[in-house]
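Note sheet for the following structure.
Numbering (this note's numbering), first residue to last: 6 to 279.
Printed below as a string of structure tokens:
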């Protein structure tokens, strides 16, 4: 398992960095859309495997949400229109096509969760890259999350004794969770010196600490979904890592946090290039 993880990372990381720093905006946007569509396919296949009609509605809503999100570097009128149309769409599906209204409403809720979870959160990677020095911030989000995942993996395997939330994820431990936070802070210290020498230590470390907590919440949230759907992994596209959802679950909340933090504080324009 570890060997497969390392082999996958050795291929994926250089390619990802090349895309983040060198690819034109439209190429990066296309990559975000492609990842989003694969993640949406995984989610709908897990949550609604026996409900073809609900999956179709999910695809319609998901594609509309992505189209609205990618229409501009920041959320705009098309995204608002897609979001406003989502609930009437899924409710119409229940009223017009389902006789089992209780189960139909449950399926509609699953559709809404998936469309918002993937179609609304993942495009933040596109929006983040489009702000000043966005490539650095995208790298920061990915680096902190990967550092945390790596630290949590090794600390958990070496020292994990106390289960974190066994009914949600039996393999996660309190020691591993602490390892994630510690490794995230270490990664942030390195990223600060390389990417953001003009930023204050407290700002970068605090941001990384909050990201580490949000990333774990995202990971646990996906574990809840997989457990509810009776699946061990969302897919098998990445050897040793599972599916796309398994790889992005700890990224979605942190990237949204960083994006809105930079927009709210205007910190993106204050970065001193290294």
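Even for Gly, the Cβ is constructed at its ideal location relative to N, Cα and C.
For residue 91, the number of other beta carbons within 10 angstroms of its own is at least 16, and it is reported as buried. Of the other Cβ atoms in all chains shown, fewer than 16 fall within 10 Å of the Cβ of residue 19; this residue is therefore exposed. Residue 116 is positioned such that its CB atom lies closer than 8 Å to that of residue 62. Beta-bridge annotation (DSSP): residue 178 is paired with 168. The beta carbon of residue 130 is closer than 7 Å to those of 37, 143 and 260 in its chain, skipping five residues each way along the sequence.
Of the candidates 271, 248 and 256, 248 places its Cα closest to the Cα of residue 50.
Under the DSSP assignment, residue 129 falls in the alpha helix (DSSP H) whose first and last residues are 129 to 135.
For the pair residue 213 and residue 104, the Cα-to-Cα distance works out to about 48 Å. Within 10 angstroms of the beta-carbon of residue 31 lie fewer than 16 other beta-carbons, which makes it exposed. By the Cβ neighbour-count rule, residue 101 is exposed, with fewer than 16 other Cβ atoms within 10 Å of its own. A straight line joining the alpha-carbon of residue 200 with that of residue 269 spans about 20 Å. For residue 234, the enclosing alpha helix (DSSP H) stretches over residues 206 to 234. Taking 8 Å as the cut-off, the Cβ atoms of residue 72 and residue 83 count as close.
Counting the other Cβ atoms within 10 Å of the Cβ of residue 252 gives 16 or more, which makes it buried. The count of Cβ pairs closer than 8 Å, one atom from the region 218 to 228 and one from the region 179 to 189, reaches three, so the stretches are in contact.
The C-beta distance from residue 41 to residue 127 rounds to 5 Å, short enough to fall under 8 Å. Exposure of residue 229 is indicated by the presence of fewer than 16 other C-beta atoms within 10 angstroms of its C-beta.
Ranking 70, 69 and 46 by CA distance to the CA of residue 60 puts 46 first. Taking the Cα of residue 191 as reference, the smallest distance to any Cα among 152, 172 and 258 is reached at 152. With fewer than 16 neighbouring CB atoms inside 10 Å of its own CB, residue 265 falls in the exposed class.
Just so you know, the alpha carbons of residue 43 and residue 224 end up roughly 18 Å apart. With a cutoff of 8 Å on beta-carbon distance, residue 258 and residue 52 are scored as not near each other.
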